[in-house]
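Colleague:
Chains as they are written, first to last, in the working numbering: chain A, 804 to 998; chain B, 4 to 269.
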């Protein structure tokens, strides 16, 4: 079967390429992987970390994610989360610290797994693929209060901010107008469309 | 498995090729040549337009109905004496009264060298096969189509038109030549006969062929240090990845497609 099928253009990013992209993002856009309240991230303009509000306005926190690993369908389950057709899995470690000045409540390291789907975002001329986590799972011993929702919120925020413009999928050969949603199959994220 | 695959079918390649053809811009060419008694200095400009693409494995891009739009300007110089015989007057001695004579001595008119300027614009449509070629210049990756061989240009009608133009342009030039009226032959006819359709055709090929020889059209041009994400002011700089290899080929898995295979590294 041809790449373009009933369309004129086809662009695909293989899982290994997606992880190269993730590594580039991790090295060059660290604020997507480090989060904290203003006590840990004093400036909203920091290139190294993203400032989010304190939890309940007084519980300060920070979270650092290790380099996430992406797997595209078909992929083994991420923990107990199966990776269905058209889904990706994301695996990372997060180190989170909770603090109510002057006392550190907890510092925990935990495994984090998520599955999600790619979504096209053609609005506002963004012409990009965004990723939406449909399920997030923390693997850890029993957690102190607040940790799980904080980490989940940070990850959701991170994933929601993660996007790739369409030309990234064609190495700049063209910018397609998509004829359908992005699909994941055979370890590839595929785009089809027309000029 | 390449980390990035970008594929285009024939209509898409036709659209991208149209942009590549337009980006080739206006081309220039000039020089001089001699043939027979003639010396021609010439300048020419040309653009390409149109064309529809067919793809053939493993790496041939055929462009049909590609149009070469051109303007040529010739300055055609030649010694008139090489076209028409010099005029020889044997001299006369005329008795006008008793022992009075008017004597006009013998003389020869050696015709001068003249230059005829001609400018001509036209277009010629042709088809040609191109091969895909991928190169890396140290900074950027390029995928180009490079013409295979020299396509046959149907320029007979243009040559005929140019010959007529030369004849028309010769008239005013010859008027400035003293005693040309004494030549006793159709000088314009002699010039166009000496040139002939074949002479003009050869000249036109000489001018137009450089526009085609080795002609390339660029389909892809991206820096190795490829910008993945734009900067988001004021906190996020742009994000780059490296395109470590780029390859182009025509594949056919049900329909012919141009396939770019790209590997990347953080």
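Just so it is clear, CB atoms sit at the ideal spot from N, CA and C, and this is done for glycine as well.
Here the structure is a predicted model, which is why all the values come from computation and not from measurement.
Just confirm the distance between the C-beta atoms of residue 90/B and residue 109/B, as a whole number of angstroms; I'd bet it's less than 8 angstroms.
Modeller: Contact doesn't hold; Cβ gap of about 11 angstroms is too wide.
Colleague: Which full runs of the beta strand (DSSP E) of 3+ residues lie inside the region 921 to 989 of chain A, going along the chain?
Modeller: 931 to 942, 966 to 968, 986 to 988
Colleague: Please confirm whether residue 4/B has its beta-carbon closer than 8 angstroms to some beta-carbon of chain A.
Modeller: Yes, its Cβ sits closer than 8 angstroms to a Cβ of chain A.
Colleague: Taking all protein chains shown into account, do 16 or more other C-beta atoms lie within 10 angstroms of the C-beta of residue 876/A, making it buried, or fewer, making it exposed?
Modeller: buried
Colleague: Considering only DSSP beta bridges, list what residue 73/B is partnered with.
Modeller: 49/B, 125/B
Colleague: Got a sec? Which residues, its chain only, sit under 7 angstroms from residue 888/A by beta carbon, not counting five neighbours each side?
Modeller: 876, 988
Colleague: What's the call for residue 100/B, buried or exposed, on a 16-neighbour Cβ count within 10 Å?
Modeller: exposed
Colleague: Given this structure, state the Cα-to-Cα distance separating residue 851/A from residue 958/A, to the nearest angstrom.
Modeller: 16 angstroms
Colleague: Looking at C-beta atoms only, is the number of pairs between the region 231 to 248 of chain B and the region 976 to 995 of chain A that lie closer than 8 angstroms three or more?
Modeller: The answer is no - the region 976 to 995 of chain A does not touch the region 231 to 248 of chain B, with fewer than three Cβ pairs under 8 angstroms.
Colleague: Within the 8 angstroms Cβ cut-off, does residue 975/A reach chain B?
Modeller: yes
Colleague: Can you give me the start and stop residues for the alpha helix (DSSP H) that residue 840/A sits inside?
Modeller: Where residue 840/A is concerned, there is no enclosing alpha helix (DSSP H), given that its DSSP letter is neither H nor E.
Colleague: DSSP three-state label for residue 142/B, please.
Modeller: coil
Colleague: Checking 8 angstroms against the spacing of the C-beta atoms, do residue 901/A and residue 864/A come in under that value?
Modeller: yes
Colleague: What residues in the region 821 to 845 of chain A bring their beta carbon closer than 7 angstroms to a beta carbon of chain B?
Modeller: 823, 824, 826, 827, 828, 830, 831, 832, 834
Colleague: In three-state DSSP terms, what is residue 194/B?
Modeller: helix
Colleague: In chain order, what residues of the same chain lie with their CB nearer than 6 angstroms to the CB of residue 30/B, ignoring the 5 residues before and after it?
Modeller: 49, 214
Colleague: Tell me the rounded alpha-carbon separation between residue 229/B and residue 831/A.
Modeller: If you take the alpha carbons of residue 229/B and residue 831/A, they lie about 13 angstroms apart.
Colleague: Check whether chain A comes within 8 angstroms of residue 19/B, counting only Cβ atoms and requiring the distance to be less than that.
Modeller: yes
Colleague: Cβ of residue 854/A within 8 angstroms of Cβ of residue 844/A?
Modeller: yes
Colleague: Give the range of the beta strand (DSSP E) segment to which residue 11/B is assigned.
Modeller: 7 to 12
Colleague: Nearest to residue 57/B by CA position, among 11/B, 42/B, 265/B, 127/B, is which residue?
Modeller: Closest by alpha carbon: 11/B.
Colleague: Within its chain, find whatever has a CB closer than 7 angstroms to the CB of residue 97/B; leave out the 5 residues flanking it on each side and keep chain order.
Modeller: For residue 97/B, same chain residues with a beta-carbon under 7 angstroms away, outside a window of 5 residues either side, are 104, 105 in chain order.
Colleague: When the cut-off is 8 angstroms and only beta carbons count, does residue 256/B lie next to chain A?
Modeller: yes
Colleague: Would residue 170/B and residue 196/B be called neighbours here (beta carbons separated by less than 8 angstroms)?
Modeller: no
Colleague: Given a threshold of 16 other Cβ atoms within 10 Å of its Cβ, counted over all protein chains shown, does residue 847/A qualify as buried or as exposed?
Modeller: exposed
Colleague: Out of 127/B, 88/B, 117/B, 247/B, point me to the one whose CA is closest to residue 80/B's CA.
Modeller: Nearest C-alpha to residue 80/B: 117/B.
Colleague: With residue 266/B as the anchor, note down where its beta strand (DSSP E) starts and where it stops.
Modeller: 259 to 268
Colleague: Can you grab the Cα-Cα spacing for the pair residue 141/B / residue 969/A, in whole Å?
Modeller: 26 angstroms
Colleague: Taking a contact to mean a Cβ-Cβ separation below 8 angstroms, would you say residue 753/A touches residue 883/A in this structure?
Modeller: Only positions 804 to 998 of chain A appear in this structure, which leaves residue 753/A out of reach.
Colleague: Skipping 5 residues on each side, what residues in its chain have a beta carbon closer than 6 angstroms to that of residue 191/B?
Modeller: Same-chain partners within the cutoff: 170, 173.
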